[in-house]
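Notes to accompany the following structure.
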Amino acid sequence: MIINKLFDTAIVGGGVAGTALLFTLARYADVENLILFEKYDEVSQLNSNPKANSQTLHVGDIESNYSYEKAVHVKKASSMIANYIQNFNEVDKIGFRKDKMLLAVGEEEIQALKERYNEFKMLYPYLELWDEVTLAKMEPKLTEGRTEPIMAMGTKGQITTVDYKKLSESFVQQALDTNKNVQMRYNEEVTKIEKNSDGYYTITTDTTEFQAKSVVVNAGAYSLLFAQSMGYGKEYAILPIGGSFFFTKEKLLESKVYTMQNPKLPFAAIHADPDCTQEWNTRFGPTAFALPKLERYHALHLKDLISALNIDSDVTKVYMSLFKDPTIRRYILKNVLEEIPLVGKEVFIRDAKKIIPSLKVQDLTFAQGYGGMRPQIIDKQKHQLMLGEVKISKSSLIFNMTPSPGATNSLSIARDDAKDICTALGLRFHEAKHQKEIQILDEGIASPLDRMKEVV
Ligand SMILES: Cc1cc2nc3c(=O)[nH]c(=O)nc-3n(C[C@H](O)[C@H](O)[C@H](O)COP(=O)(O)OP(=O)(O)OC[C@H]3O[C@@H](n4cnc5c(N)ncnc54)[C@H](O)[C@@H]3O)c2cc1C
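Counting from 0, one number per residue, gives the positions in the sequence shown under numbering that gives the first Met the number 0.
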């Protein structure tokens, strides 16, 4: 085996999280040598692919499944992506401006929407309340054939939709354009990471061995498997949750339309999104169902799956407590039915009709080849299903597990990791430059390209 030169940082995984870190380290940290391993022949073939996720930049303003605290966090994180897209001239190529709204159906939801509007308007002063007359003009399909009253809160013209694969490609290009030594290793699967006696790491791939002073694993569900192979994260297991989508035969909506969340359910209610891979045709979803797979459309590695599920009495307790709740039980059953050919559409349409009441079963097609796997983490000690990202950080060794909204949060996670890596390696992180280019702007409104030029 060839032992390659020593890299400052090795990144495992070329999804949006891994490439965001590559960009952040190359552009804002005093690292010299970076290497990224991706087991497929391109970046973002799994969850960061626009066919796998909902393409939403989660700002927290229309996501009624987010608490105020979570909204504060995603607002900041999403502004980093919006700022990148604007400052690096990627509007209408990677990030797209669309109208968006949270739709309330029926008096009870309208009341809850108004309360949410009052609570959240300090955080999102641009939010507007839209009544039925306004909605009928904006999006006629929302009102056609509807008997119940509706209301929405939303905004127009912000970046709402992101092609996270194109974003990953842009991150890689920006990293390659720096004067750092950046090596991209495609078609190279990392099989082992070991800590050496000198404190550095050996990264073994299917063909070679590499040395690095620090390692960040952004490999989706596999991050936990790597952590556990090195003796960390034994307190976690993975519950792989699949998400599927349905297309309408023609474009029915111009805006992203989210619906009010049933607070008892762990996953976001379905929404309707204009799809950037299908000429903005309307896509409904995602569903949420447990699936014994780590990758939606690739062969199953049974050994990996068994390790990830990590089933023992603690994990079983979490499953049992989910099943005990009748609302969650019904929700699980409904989501399983939605995956069954023919029956699926009949079940799914009940939720989709909440958004477009005139929708018919024959208007929907199952989005074949679309959908992804959310690596939801179970905390075995707390007997809890965790809904956000989980990080295992051991100074110069970091593992990230990134279910939704991990793509939105990718630059924020990357900034934290880059700073930790700099601290561990005794290197400088150029905070001022990062702030001017990525952090300062809020809500993605301004576009001060000239501000970037001031920074050396
Ligand atoms: C149905 C669904 C809808 C979603 N909608 C949204 C949304 O609208 N907005 C949002 O912000 N987020 C959304 N998410 C979440 C989002 O897709 C993920 O958080 C994000 O893509 C995770 O990025 P990642 O880079 O961590 O993982 P991935 O994109 O999964 O990338 C991991 C990479 O690691 C590589 N890899 C794995 N093992 C190895 C190895 N051993 N060696 C080398 N390479 C390896 C893989 O090939 C892959 O490229 C959604 C997810 C799903 C499933």
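Every residue, glycine too, gets a C-beta built ideally from N, C-alpha and C.
Who are the near neighbours of residue 389 in its chain, counting only those whose CB is closer than 6 Å to its CB and skipping five residues on each side? Mapped onto the sequence shown, residue 389 falls at position 390. Hits under 6 Å: 376 and 400.
Should residue 4 be labelled buried (16 or more other beta-carbon atoms within 10 Å of its own) or exposed? Counting from one through the sequence shown, the residue named residue 4 turns up at place 5. Result: exposed.
Which residues mark the beginning and the end of the beta strand (DSSP E) in which residue 151 is found? Working through the sequence shown from its first residue, we reach residue 151 at position 152. Residue 151 -> beta strand (DSSP E) spans 149–161.
Flag this pair as touching only if the region 421–436 and the region 37–52 have three or more C-beta atom pairs under 8 Å; answer yes or no. no
Could you check if residue 329 is buried or exposed, using at least 16 other CB atoms within 10 Å of its CB as the buried criterion? Walking along the sequence shown from the start, residue 329 turns up at place 330. Exposed is the call here.
Limits of the alpha helix (DSSP H) - the one that residue 135 falls within: By one-based count along the sequence shown, residue 135 stands at place 136. Taken as a continuous stretch (DSSP letters only), the alpha helix (DSSP H) holding residue 135 covers 131–137.
Nearest CA to the CA of residue 275: which residue from 300, 33, 163 and 385? Counted from its first residue, the sequence shown places residue 275 at position 276. It is 163.
With DSSP as the reference, identify every bridge partner of residue 272, one or two as the case may be. Start at 1 with the first residue of the sequence shown, and residue 272 comes out as number 273. Note: residue 272 sits in a beta bridge opposite 282.
Could you name the residues that DSSP lists as bridge partners for residue 99? Here residue 99 is taken as the residue at index 100 of the sequence shown, counted from 1. Residue 99 pairs with 154 and 255.
Reference residue 123, options 170, 60, 95 and 131, closest by Cα: What you label residue 123 is simply residue 124 of the sequence shown in a count that begins at 1. Closest by alpha carbon: 60.
Should residue 54 be listed as close to ligand 1, given that the test is whether its C-beta is under 7 Å from any heavy atom? For this step, residue 54 is matched to residue 55 along the sequence shown. Yes.
Does the Cβ-Cβ distance between residue 363 and residue 247 come in under 8 Å? Indexing the sequence shown from 1 puts residue 363 at position 364. Indexing the sequence shown from 1 puts residue 247 at position 248. Result yes, Cβ atoms of residue 363 and residue 247 sit closer than 8 Å.
Does the region 134–152 come close enough to the region 188–195 that 3 or more CB-CB pairs lie under 8 Å? no
Distance CB(residue 334)-CB(residue 286) smaller than 8 Å: Within the sequence shown, the letter at position 335 stands for residue 334. Within the sequence shown, the letter at position 287 stands for residue 286. Against a cut-off of 8 Å, the Cβ pair of residue 286 and residue 334 comes out as a contact.
Residues that residue 213 bridges to, as DSSP identifies them: Stepping through the sequence shown from its first residue, residue 213 is reached at position 214. Its beta-bridge partners are 8.
The alpha helix (DSSP H) spanning residue 415 covers which residue range? On the sequence shown, position 416 is the one that residue 415 refers to. Element bounds for residue 415: 409–424.
From the DSSP output, in three-state form, read off residue 219 for me. Translated into positions along the sequence shown, residue 219 becomes position 220. Looking at residue 219 - three-state DSSP - the assignment turns out to be coil, as it is neither helix nor strand.
What number of angstroms, rounded off, separates the C-alpha of residue 332 from the C-alpha of residue 320? Counting from 1 along the sequence shown, the entry for residue 332 is found at position 333. Counting from 1 along the sequence shown, the entry for residue 320 is found at position 321. Roughly 15 Å separates the two Cα atoms.
Could you tell me if the beta carbon of residue 438 falls within a distance shorter than 7 Å of some heavy atom in ligand 1? Working through the sequence shown from its first residue, we reach residue 438 at position 439. No - ligand 1 has no heavy atom lying nearer than 7 Å to the Cβ of residue 438.
Within its chain, find whatever has a CB closer than 7 Å to the CB of residue 134; leave out the 5 residues flanking it on each side and keep chain order. Taking the first residue of the sequence shown as 1, we reach residue 134 at position 135. Excluding residues within five positions, the ones whose Cβ falls inside 7 Å are 141, 142, 149 and 151.
Check whether the Cβ atoms of residue 166 and residue 413 lie closer than 8 Å to each other. The residue you call residue 166 lines up with position 167 of the sequence shown. The residue you call residue 413 lines up with position 414 of the sequence shown. Taking 8 Å as the Cβ cut-off, residue 166 and residue 413 do not qualify as a contacting pair.
Per DSSP, residue 34 is paired with what? Counting from one through the sequence shown, the residue named residue 34 turns up at place 35. Looking at the DSSP assignment, residue 34 forms a beta bridge with 9 and 182.
Please state whether the Cβ-Cβ distance between residue 423 and residue 403 is less than 8 Å. As a first step, residue 423 is located in the sequence shown; it is residue number 424 there, counting from the start. As a first step, residue 403 is located in the sequence shown; it is residue number 404 there, counting from the start. Contact flag unset, no.
Helix, strand or coil at residue 401 [DSSP, three-state]: Looking up residue 401 in the sequence shown gives position 402. Here residue 401 sits in coil by DSSP.
Between the alpha carbons of residue 449 and residue 85, how many angstroms are there, rounded? Stepping through the sequence shown from its first residue, residue 449 is reached at position 450. Stepping through the sequence shown from its first residue, residue 85 is reached at position 86. At residue 449 the pLDDT is 34, less than 50, meaning the model places this residue with poor confidence and gives no usable figure here.
Note down, in chain order, each residue of its chain lying with its Cβ closer than 8 Å to the Cβ of residue 129, except the 5 sequence neighbours on either side. Here the question's residue 129 lines up with position 130 in the sequence shown. These residues qualify, in order along the chain: 100, 137, 150, 151, 152 and 153.
Spatial neighbours of residue 98 in its chain, beta-carbon cut-off 8 Å, leaving aside the 5 residues before and after: Numbered from 1 along the sequence shown, position 99 holds the residue referred to as residue 98. Answer for residue 98: 137, 153, 154, 155, 156, 159, 253, 254 and 255, listed in chain order.
Restricting to Cα atoms, I'd like to know which of 268, 211, 357 and 290 is closest to residue 6. The residue you call residue 6 lines up with position 7 of the sequence shown. Out of 268, 211, 357 and 290, 211 has the C-alpha closest to the C-alpha of residue 6.
Determine the contact status of residue 288 and residue 338, defining contact as a CB-CB distance below 8 Å. Residue mapping note: residue 288 aligns to position 289 of the sequence shown, counting from 1. Residue mapping note: residue 338 aligns to position 339 of the sequence shown, counting from 1. In contact: residue 288 and residue 338 (Cβ atoms closer than 8 Å).
Report the option in 112, 144, 106 and 168 whose CA atom is closest to the CA atom of residue 16. Your numbering for residue 16 matches position 17 in the sequence shown. Among 112, 144, 106 and 168, the Cα nearest to that of residue 16 belongs to 168.
With distances taken Cα to Cα, identify the nearest neighbour of residue 102 among 92, 131, 371 and 96. Position 103 of the sequence shown, counted from the start, is the residue given in the question as residue 102. Per the Cα distances, 131.
Along the chain, where does the beta strand (DSSP E) that runs through residue 242 open and close? The residue labelled residue 242 in the question sits at position 243 within the sequence shown. 235–242 is the span of the beta strand (DSSP E), which, as asked, contains residue 242.
Measuring only the C-alpha atoms, how far is residue 354 from residue 236? One-based indexing of the sequence shown puts residue 354 at position 355. One-based indexing of the sequence shown puts residue 236 at position 237. Looking at the two C-alpha atoms, the distance is approximately 35 Å.
So residue 111 packs on residue 220, CB below 8 Å; how close in whole Å? Within the sequence shown, the letter at position 112 stands for residue 111. Within the sequence shown, the letter at position 221 stands for residue 220. Between residue 220 and residue 111 the Cβ distance is about 34 Å, and since that is not below 8 Å, they are no contact.
Collapsed DSSP secondary structure at residue 355 in the structure displayed: For the purposes of this step, residue 355 is taken as residue 356 along the sequence shown, with counting starting at 1. Three-state DSSP puts residue 355 in coil, outside helix and strand.
Distance cut-off 7 Å: residue 86 Cβ against heavy atoms of ligand 3: Only ligand 1 can be found as ligands here, which leaves ligand 3 out of the picture.
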